[in-house]
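Q: Below is a structure I'd like to ask you about.
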């Protein structure tokens, strides 16, 4: 599978649950695709004012293509 096909497949699979940025620049590095998801889940007792607990889940996915890996990378 070619990289272009692979990144399109990843975009289709991630687009419903993640915010995608293609391409992405950070600290001088170029990344082919960046995906992030921020989810908060809470449980209640009787009504929404009485929270039992809350959980936050943050997920990040970086996709970078290299023609050849060396020790310098």
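In the numbering used here, the protein residues as written are 219 to 291. No residue lacks a Cβ here, since even glycine has one placed at the ideal position from N, Cα and C. Just so it is clear, the structure is predicted and the values come from calculations on it, not from any experiment.
1. For residue 281, is the classification buried or exposed, using 16 other Cβ atoms within 10 angstroms of its Cβ as the cut-off for buried?
2. Determine the DSSP secondary structure at residue 282, reduced to helix, strand or coil.
3. Pick from 238, 260 and 228: whose alpha carbon is nearest that of residue 268?
4. According to DSSP, simplified to helix, strand and coil, what is residue 260?
5. Is residue 221 helix, strand or coil by DSSP?
6. Whole angstroms are fine: how far does the CA of residue 233 sit from the CA of residue 254?
A: Considering the structure as presented:
1. That one is buried.
2. Secondary structure of residue 282 (DSSP, three-state): coil.
3. Answer by Cα proximity: 260.
4. Residue state, collapsed to three classes: strand.
5. In the structure shown, the three-state DSSP call for residue 221 is helix.
6. Roughly 10 angstroms separates the two Cα atoms.
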